[in-house]
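Those sequence lines, one after another, are chains V and L. If you're matching positions, the first sequence starts at 6 in the numbering used here and goes up one per residue. If you're matching positions, the second sequence starts at 6 in the numbering used here and goes up one per residue. Here a beta-carbon is modelled for each residue, glycine too, at the ideal position from N, C-alpha and C. Remember, it's a predicted structure, so these values are computed and weren't measured experimentally.
There are 2 protein chains.
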Amino acid sequence: MADVKSQANPLFLREEELRQAIELLYYAYRDFTAEPDAMLARYNFGRAHHRVIYFVGRHPQMSVSDLLAILRITKQSLSRVLGQLVRQGFIRQSPGSRDRRRRLLELTEKGVELERQLSENQRQRIARAYRESGAQAVDGFRKVMFGIMSSEEDRKRVARRTEVPR
Amino acid sequence: MADVKSQANPLFLREEELRQAIELLYYAYRDFTAEPDAMLARYNFGRAHHRVIYFVGRHPQMSVSDLLAILRITKQSLSRVLGQLVRQGFIRQSPGSRDRRRRLLELTEKGVELERQLSENQRQRIARAYRESGAQAVDGFRKVMFGIMSSEEDRKRVARRTEVPR
DNA sequence: CATATAAGTCAACATGGCTGACGTAAAATC
DNA sequence: GATTTTACGTCAGCCATGTTGACTTATATG
């Protein structure tokens, strides 16, 4: 039987491999977002708020259109959550100095604190998975994840931070 | 500068590493689901329909409660999409023989065809990423993804298929 | 027979996507 | 300097998909 699957019909294993990956993405993402979602519910916030807080924290002074490009949602959708976060004092907007049409976004202290709480869980989850898998596996994980992504621009943005400075 | 980051302050790189992983999960998942979402829209279906079709295709004759356990949503939420799929002839229900309360789910031919179309895109995306990364990277990817998941039960279900039969 | 389980239904609500139309201020261009 | 483009925002309405809570029906099990 082993021969039938692994030699006589290599396509079978390949199909199983690919479906396994589909499921890994589904389950990992589901579990990865479950706990922050529960925390956010206590503020009457949702996953969309988390994404905004995360990326504004990650890229301080970014403009609204930069954020739209990362999130790939409409400005109307963003506006709803961003407006709430600004009104409730998690995010501050200030006009750009070179181009005063732009409204640059940054986390307030309150925003930084919430971001920290939300991502703490996710960082620990990743840290555990990385630790248990080893450096070589982490490298493979990164390679495959970069390969799954569509946009070269996104790849560059994500890769930049961990490059060794020359 | 390289020394400052990689030796004098190893925690900095570690933090960057973890945040990179958070972003990889976000971007990879976003891009992974974008194309099936667009296809589903043509049927007036959403991502929830895809998940149901996928898992019923993957586990033929599964019961509604099995599906609920995988999806981790309420039966009311499931009922809406499952009902549509059954009424529109993508999924067939039949009473279990041992326990006639259970309604066992399977794809119809039409359902199989839709499933194939939807996952084709995802399988190709994974295949490309796997091919470009190499077998060792794939192994690492799997290790880390399993580590990110919360449930041992889910891990077992996903791992089972690619085990070498003894 | 009593109780538990599997599945479904109805109602109401929230979140977060979407489209379309329109407005304002600032920058860029002709 | 007038016109056009860009960045951002708003209002209105729609849809998909999650939630809670209450209740029903059929079947299995103690």
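Asked: Quick one: measure Cβ to Cβ for L:A123 and L:H55, integer angstroms, because I've assumed they're closer than 8 Å.; Found: In the sequence on display, residue 123 of chain L carries Leu and not Ala. Yes, they are in contact, since the Cβ atoms of L:L123 and L:H55 sit about 6 Å apart, within 8 Å.
Asked: Name the residue from V:M154, V:Q127 and V:A140 whose alpha carbon lies nearest to the alpha carbon of L:R133.; Found: V:M154
Asked: Taking the Cβ atom as the reference point for each residue, do V:E21 and V:N126 lie within a distance shorter than 8 Å?; Found: no
Asked: Tell me the DSSP secondary structure of V:R100 in three-state form.; Found: A small fix is needed here, since residue 100 of chain V is Pro in this sequence, not Arg. If DSSP states are grouped into helix, strand and coil, V:P100 belongs with the strands.
Asked: Name, in chain order, the residues that DSSP records as bridge partners for L:M67.; Found: L:L110
Asked: Name, going along the chain, the residues of the segment 138-152 of chain L whose beta-carbon falls closer than 8 Å to a beta-carbon of chain V.; Found: S138, G139, Q141, A142, V143, D144, G145, F146, R147, K148, V149, M150, F151 and G152
Asked: Taking V:M154 as the query, report the chain L residues whose CB atoms sit under 7 Å from its CB, ordered along the chain.; Found: Y32, A33 and D36
Asked: Is the beta carbon of L:K80 sitting closer than 8 Å to the one on L:L73?; Found: yes
Asked: Is V:K5 buried or exposed, if buried means 16 or more other CB atoms sit within 10 Å of its CB?; Found: Residue numbering for chain V in the displayed model covers 6 to 171; residue 5 of chain V lies beyond these limits and cannot be assessed.
Asked: Give a yes or no on whether 8 Å exceeds the smallest Cβ distance from V:A53 to chain L.; Found: no
Asked: Consider the Cβ of L:A43: report whether some Cβ of chain V lies at a distance smaller than 8 Å.; Found: no
Asked: Look up L:I131 in the DSSP assignment and say whether it is helix, strand or coil.; Found: helix
Asked: Rounded to whole angstroms, how far is the Cβ of V:S138 from the Cβ of L:K148, which I believe are closer than 8 Å?; Found: 4 Å
Asked: For L:I58, does the three-state DSSP call read helix, strand or coil?; Found: helix
Asked: Assign L:M150 to one of three DSSP states: helix, strand, or coil.; Found: helix
Asked: Which term fits V:F17, buried or exposed, when burial requires 16 or more other beta carbons within 10 angstroms of its beta carbon?; Found: exposed
Asked: State buried or exposed for V:V9, treating a residue as buried only when at least 16 other CB atoms are found within 10 Å of its CB.; Found: Confidence at V:V9 is low in this model, with a pLDDT of 49, below 50, so its placement is unreliable and no value can be given for it.
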